[in-house]
Every structure is written in structure tokens, then in C-alpha cells.
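Have a look at the structure below, then the notes.
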Ligand code: NAP
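Numbering (this note's numbering), first residue to last: 6 to 474.
If you want it as C-alpha cells, here you go:
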């Protein structure tokens, strides 16, 4: 469905469990030969893929916008991110390094190897349907794994287009497979089938929890990149004009549907009267409309269901007596499309659902705080721990935030997105493992330690009656 027109744009197969199993078997069959290629040879396919993505970037961005709803300039930047992921992980071809360690015994060498895991099942969400897939496929493939990938049912087209380009790039048959269908059927088969050696899933914490429990039957490795509830702290000594621009971007980017989006703001009470009205003024100026048109800041939300979720959050704020300063509804001037106005809410309690649960839409609660320590405590009072933002020019506060805010990412005096060389990882219920960086790469490998004895006359290192007889 195109979320701007509410009309279907393509028909995609709804695969069965049996077809998901076939895809896993195909990937399993192709894996040993893929592993035998040198990493440099594997990298050549990744590099070719990144070139093809760049060649087709305008077409791919249009596909992305038409199924997901983000403005075209955001789609172009996401497509560039997908190409960069293939390039970045290709660079690791000569750096999948093990260790050589000194032994406690004479003439013994200990080596730790990093081996492929086997078949990787990749399960992705709809909010970044191109970049999240690339961020999983590239490290999985360079390390010698083969892949079955399942996109979100809301946005299957970007993945299909990407995998077609990988085919054109010459990946051997069976190395990359895509299966479209629901999480509860296709996804669950990928999770529960023992062929899967590693599940790498990005999505909601609820789905992550189900995957964790269903996977327990065969104990695969897991990377889970789950929900977020990023705090945005702005202190009186910040560069306020800059902090305001960043606050707008951090919340309304991709219509608020980004895991690292600012989901709650903590504003120093000394600047509340200056900061909040300016923030509201800027939010009012955002242009909402058809995401393929130029000059649009906010497209529609991805689906009617997601818009309903935002509406429910606003209703619960009303029920609790919070102050809705702007927004709270679909814009009246647009009669088609799942649009939702930028919504700012004040007088919200730290314990309310608006502050504790992931909204994932263009709705932001603002809380006034009277001490920096309290802002940090409020930030940490969350089941989520993905991204966080702090704006202050005081070095002591910067260091306090770096050490005290228990989140996988802190953006200090800046906004995201994350970079390839940073580790994208969540504390608490925001996930397991990491993506991006060499730490992310390592999650796609299996450690193996080898002890090699090169004594001419080997002897046991300690007294063992049998060995010394
Ligand atoms: P979702 O509903 O959890 O779905 C994510 C993927 O998981 C979809 O492909 C879905 O399939 C599949 N799935 C759902 N239940 C499953 C199950 N029991 N077994 C196997 N697969 C299953 O998430 P979403 O609504 O697409 O995406 C939004 C969420 O993703 C937000 O919570 C956001 O914070 C999170 N996110 C996190 C990150 C991060 O890096 N931490 C990045 C982006 C997004 P179907 O939907 O097709 O059924």
C-alpha cells in the first residue's frame, strides 16, 4: 500500500512456512562453497552491490517512499546508507582477524579463529526497509554466512529490489534468499527451524520477546535491535538555536518512526519559557504532504494502524489531563493518506504511558526539570535503552551524561543518524548484541579456540596418574 494515497501499489507473495523452510535449506546447501571463497572474493560481490545501489538510487528511493511514506530526500539518504553498508563491510575482507595467544605451557600455541555461523535469518521492520536489511546482509555475507531475509509485510518492495541487485552483482545461487510473508508464519519458521544458526532481527520489543522465547527450543545465536524511548535533555547552557533545530529533527524525522527518535524531552526549567514556545513555532512550520513532492518535511505514517497508535497516545494524554499544545489529529487539509500532525504535549508525568512506552509517531511529551541529575535519573527510568540526546556546553555535565546515561548511544550536542563505525546496541529491553562497527561484525562469527602442541616430546602439563604411568 502507498501510505500517501491509501492505494495498493504491488502484489507480493504471502509465502508459507514450507517455502520459508525451502529457503533455509537452499541457504544451507550454498553455505559451504560460499565459505570456501576468500573474503576478498566475497567482498567483490558486496562492492558490486554497493555500485549497483548507487546506480539505481533514484529508482530505489522512489520505491522506498512509495511503500513507506518518508520524504524523497530521506529515502535517498537511506539508499546511500544501504550502499555504504556494503562498502564498509567489504573493507573487512582483510580484517576478520583471530588471535594468537601465549600459552601457560611450553611449546604450545593458542589460536582463536572467527568462523562463519552458517545460515543467518534476517528479519526486518518497515521504518528503514533498505538500510536495516543492508546492515544485516553485508556483515553476514562477508564473514562467510548465507542468508534468508524476511522484510516487514508493510514494506517488502525495497528488500526485493535490493536482492534483485545482489543477483545482478553475481552472488552465487542460494547465498542470498528473500521470503515475503508474515512474522507469525514465515518469521516464526525462520526463528524455530534448527537450520538457522543466527537470527538477526530488528523490530519491536514485543516481537523480540516472542522470538527469544520461540528460539529457545534450538538455541541459535541472536542479535535483537528492538524498541527505543530516547530522552532528549536540553540544559540552560546549551546552544539553544542549534538544540532547537536538533530537537525538531530528532523527533519528526521519518514522521517520528525511527528507533532513535527523541521520544520524550526534559527541559531545564530555567529555559522552559524560551525553549518550548520556540520549539512549538518551529514544529508548526513543518510542511506535511505528499512525500514525493519537494519541500516536504513530513510524509504520512506507514499505515493506518500506526496512525491509530499515535491517536491512542494523544487520547490517553487527554484522559490524564495533560496539555496538548499543538496537533493531536490528522491534518484537515489532506483527505487521503495516513498523515498525523506534529503533536507536542506538556504537563506530562514521568510515570505516564506517554513517557514510558514507545510512541513511534510524531508525538512528543515535554517535562520540565530542576536539576541535571534528576534529568539523568528520569532518562534512565525506562525499560528501553537505545539512544539518548544531551545538549549542554558544560564539560562536567557532558562527562556526567556520558557515564551516567545508561543507553547504547548518546548523541551529545548533535543528532543522529548513527555512523557505520559506531556500535548500534541497546541496553535493557532495547536488544541483544550489536550492529555496525567491528563489534557488529563479530556477532556474525563463531569463536573457535585451537590449542596446538608443538613439543617434540609432549608431556601432560599436570600430574595425571594415567598419563605419567
Ligand atoms: P515489528 O512489528 O516487531 O516487526 C518487525 C519484523 O519482525 C517484521 O518483519 C515482522 O513481520 C517480524 N515479526 C513480528 N513478529 C514475529 C515473530 N513472532 N516471529 C518472527 N518474526 C516476527 O516491528 P515494526 O513495527 O516493523 O517496526 C517498528 C519497531 O522496530 C519499533 O519498535 C522500533 O523501535 C523498532 N526498530 C528498532 C531499531 C533498532 O535498531 N533498535 C531500528 C528500527 C526499528 P510482519 O510485520 O511482516 O508480520
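Even glycine gets a Cβ: it sits at the ideal position worked out from N, Cα and C. Remember, it's a predicted structure, so these values are computed and weren't measured experimentally.
Not one heavy atom of ligand 1 is found less than 6 Å from the C-beta of residue 172.
Counted as a single uninterrupted DSSP element, the beta strand (DSSP E) harbouring residue 331 occupies residues 328-331.
In the displayed model, residue 271 falls within a strand according to three-state DSSP.
Closest by C-alpha distance to residue 226, out of 324, 185, 447, is 447. In this structure, the CA atom of residue 169 is about 28 Å from the CA atom of residue 428.
Secondary structure of residue 120 (DSSP, three-state): strand. Going by DSSP, residue 415 is part of the beta strand (DSSP E) stretching over 414-417. A contact is defined here as three or more CB-CB pairs under 8 Å, and the stretch 381-394 fails this definition with respect to the stretch 286-295. Within the chosen limit of 6 Å, ligand 1 reaches the beta carbon of residue 264 through at least one heavy atom. A Cβ-Cβ separation of about 5 Å places residue 432 in contact with residue 411 under the 8 Å criterion. Residue environment analysis places residue 14 among the exposed positions, since fewer than 16 neighbouring C-beta atoms fall within 10 angstroms of its C-beta. Residue 381 counts as buried, since no fewer than 16 other beta carbons sit within 10 angstroms of its beta carbon.
When C-beta atoms of the stretch 310-322 are compared with those of the stretch 12-29, fewer than three pairs fall below 8 Å, so the two segments do not count as touching. The DSSP assignment places complete beta strand (DSSP E) segments of no fewer than 3 residues inside the stretch 267-328 at 267-273, in order along the chain. Taking the C-beta atoms as reference points, residue 87 is found nearer than 7 Å to residue 139.
According to the DSSP secondary-structure assignment, residue 155 is paired through a beta bridge with 128. Just measuring C-alpha positions, the residue of 114, 115, 119 sitting nearest residue 101 is 119. Taken in chain order, the unbroken stretches of beta strand (DSSP E) that lie wholly in the stretch 184-272 and span 3 residues or more are 201-207, 226-230, 235-239. Residue 370 carries a strand assignment under DSSP once its states are collapsed to helix, strand and coil. Counting along the chain, residue 17 sits inside no beta strand (DSSP E), nor does DSSP assign it H or E at all.
Taking 3 residues as the minimum length, the beta strand (DSSP E) runs contained wholly in the stretch 409-467 are 414-417, 450-458, in order along the chain.
Around residue 229, the same chain offers 206, 213, 436, 437 as residues with beta carbons nearer than 6 Å, after the five sequence neighbours per side are excluded. Within the stretch 86-118, complete beta strand (DSSP E) segments of at least 3 residues are found at 104-107, given in chain order. Beta-carbon to beta-carbon, residue 153 and residue 124 are separated by about 7 Å, close enough to satisfy the 8 Å threshold. Under the DSSP definition of a beta bridge, residue 396 partners with 239. Exclusion of the five residues before and after residue 315 leaves 345, 366, 368 as the residues of its chain whose Cβ lies within less than 6 Å of its Cβ.
Straight-line spacing of the CA atoms in residue 47 and residue 37 works out to 13 Å.
Residue burial annotation: residue 461 is exposed, with fewer than 16 other C-beta atoms found within 10 angstroms of its C-beta. Shown here for residue 216: same chain residues with a beta carbon closer than 8 Å to its own, the five before and five after excluded, namely 128, 192, 196, 204, 206, 227, 229 in chain order. Cβ-Cβ distances below 8 Å link residue 30 to 200 in the same chain, with the five nearest sequence neighbours on each side left out; the list follows chain order.
Distances between the C-beta of residue 30 and the heavy atoms of ligand 1 are all 6 Å or more.
Classified as exposed, residue 454 has fewer than 16 neighbouring CB atoms from the shown chains inside 10 Å of its CB. Within a 10 Å sphere around the beta-carbon of residue 240 sit 16 or more other beta-carbons, which makes this residue buried. Counting every other CB atom within 10 Å of its CB across the protein chains shown gives residue 337 a total below 16, marking it as exposed. Taking the Cβ atoms as the reference, residue 51 lies roughly 6 Å from residue 143, within the contact range of under 8 Å.
Beta-bridge pairing by DSSP links residue 351 to 328.
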